[in-house]
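Numbering (our numbering), first residue to last: 101 to 474. All residues carry an ideal CB built from backbone N, CA and C; glycine is no exception. A quick note: this is a predicted structure, and the numbers were derived from the prediction, not measured. Below is one structure, written out as C-alpha cells; comments come after it.
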C-alpha cells in the first residue's frame with residue numbers, strides 16, 4: 101500500500117496499484133491475455149470495433165429458433181439502454197461495476213459495442229443499414245437502437261470501472277477479472293469488502309466431489325484477509341462510497357471533468373433485490389448518490405449463455421468468447437470462497453462412479469441459479 105496516510109484502509113487499488121490512475125489506462129495494461137508482445141496489444145478502439153462486428157453479425161443472423169430471436173431482442177433493448185446513458189451522461193462521468201461474472205461480461209461486451217457506435221457514428225449507420233435487410237426474419241417488438249448522439253471527443257483509451265471484491269475471492273475469479281480488465285481496457289478500481297468483520301468464512305467443502313487435478317477455482321487453504329484493519333466493517337455500499345470519493349478527489353492526478361454520476365450494473369431480475377428495478381434507478385436507502393443503470397435486468401439465465409456462447413462471438417481461434425473458467429466446473433453464481441459451492445443441480449456420476457459437475461450453461465432454470473450460494 102501507499103505511504104499516503106490520507107488513504108483509508110480500504111483505499112481503492114487501481115489496476116493493482118493504490119495510486120490514482122492515469123487517464124489513458126495504458127501503462128497498467130498487461131499483454132497476458134493477448135497473443136504477442138505488449139507493443140501489439142489492440143487499443144480500446146480496436147477491441148470495440150472487433151466486438152461491434154461480432155455483435156452485429158449475431159444481430160443480423162436469421163434466428164434458427166425462438167430462443168435466438170428473443171436473445172437478439174434482448175441485445176437490442178440493452179444497447180438502447182446503454183446508448184441512452186451515453187446520450188444523457190458524459191462518458192467520463194460513467195463507470196462500470198465489474199466482478200468478472202457472466203452477467204457483467206454480457207454488459208461489458210454490449211458496452212464496448214455501444215462505445216464504438218457512439219464514438220464512430222458511421223459504424224452505427226452501417227450496422228443499421230445491414231440489419232434492415234434481415235429485420236423481417238427477426239421476431240421482435242422493439243425497433244433497433246436509436247442513432248447515437250454526436251461524439252463529444254476522441255475515442256477513449258480506457259473505461260472507468262469498479263470491482264467491489266469479495267473478502268475471500270476465488271483465485272480463478274480474480275485471475276479472470278485481471279486478464280479481462282486488461283484485455284478490455286478497464287481502468288479498474290479494486291476495493292476489498294469486509295461485510296462481516298471478525299467472522300471466519302464457513303468451511304467450503306465438496307463432500308463427495310474430489311476433482312483431479314486441483315483447479316484454480318478450488319479455494320485456497322486460508323482465505324485472504326482484507327487489507328488494513330480486519331475488524332473494520334466494509335460493505336459494498338462503503339466500497340462504492342470510497343470509489344466515488346476517490347474519483348472526484350480534487351487532488352487526483354487524473355483529469356476529471358465530471359465526477360462519476362452513473363454506474364452500469366449487471367443485476368438481473370432474479371438477483372437479490374432485483375425484482376423491482378428498472379433500467380435507470382437512482383440509489384436510495386443511504387447509498388452514495390449515483391444513477392444505477394441496468395441494461396441486462398430482464399435477461400434470463402439461458403439467454404445470457406446463448407449470447408456468450410454464440411458462434412458469432414467466438415474468438416479468432418474458434419473458441420467461445422472467454423469467460424471465467426469456474427462456470428465450466430459447475431459453479432453458476434459466483435461469490436466468495438465462504439459462500440459459493442458448485443450447483444447441486446449440475447451434479448452427475450460418470451461411468452467410473454465418480455461425482456462430476458456439468459458446466460453452468462447447461463442449467464436452464466433461473467430459480468436454480470443461486471443454489472450454490474450460501
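- Which residues in the same chain have their Cβ closer than 6 Å to the Cβ of residue 441, if we skip the five residues on either side of it in sequence? Excluding residues within five positions, the ones whose Cβ falls inside 6 Å are 472.
- Query: Under 7 Å between the Cβ atoms of residue 424 and residue 276?
  - Reply: With contacts defined as CB atoms closer than 7 Å, residue 424 and residue 276 qualify as a contacting pair.
- Item | 7 Å Cβ cutoff met for residue 374 and residue 266 | Result no, Cβ atoms of residue 374 and residue 266 do not sit closer than 7 Å.
- Given residue 204 as reference, the closest of 154, 429, 422 and 446 once Cα atoms are compared: It is 422.
- Using CA coordinates, which residue listed in 369, 155, 391 and 145 is at the minimum distance from residue 285? Looking from the CA of residue 285, the closest CA among 369, 155, 391 and 145 belongs to 145.
- Task: Evaluate residue 217 with the Cβ neighbour count: other Cβ atoms within 10 Å of its Cβ, from every protein chain shown; 16 or more gives buried, anything less gives exposed.
- Result: Buried, because 16 or more other Cβ atoms sit within 10 Å of the Cβ of residue 217.
- For residue 416, is the classification buried or exposed, using 16 other Cβ atoms within 10 angstroms of its Cβ as the cut-off for buried? Classification for residue 416: exposed.
- Message: Looking at residue 293: is its Cβ nearer than 7 Å to the Cβ of residue 360?
- Response: Contact: no.
- Query: Do residue 260 and residue 195 have their C-beta atoms within less than 7 Å of each other?
  - Reply: Going by C-beta atoms, residue 260 is nearer than 7 Å to residue 195.
- Hey, residue 465 and residue 432: beta-carbon distance below 7 Å or not? Taking 7 Å as the Cβ cut-off, residue 465 and residue 432 do not qualify as a contacting pair.
- Since residue 149 is in the alpha helix (DSSP H), which residue starts that stretch and which ends it? Residues 144-160.
- With residue 171 as the anchor, note down where its beta strand (DSSP E) starts and where it stops. Not the beta strand (DSSP E): residue 171 falls in the alpha helix (DSSP H), residues 166-188.
- Message: Nearest by alpha-carbon distance to residue 408: which of 370, 386, 390 and 201 is it?
- Response: Nearest in C-alpha terms to residue 408, of all of 370, 386, 390 and 201, is 201.
- Message: Less than 7 Å between the C-beta atoms of residue 181 and residue 379, yes or no?
- Response: In this structure, residue 379 lies closer than 7 Å to residue 181 by Cβ.
- Query: Where does residue 343 sit, in a helix, a strand or coil, going by DSSP?
  - Reply: Helix at residue 343.
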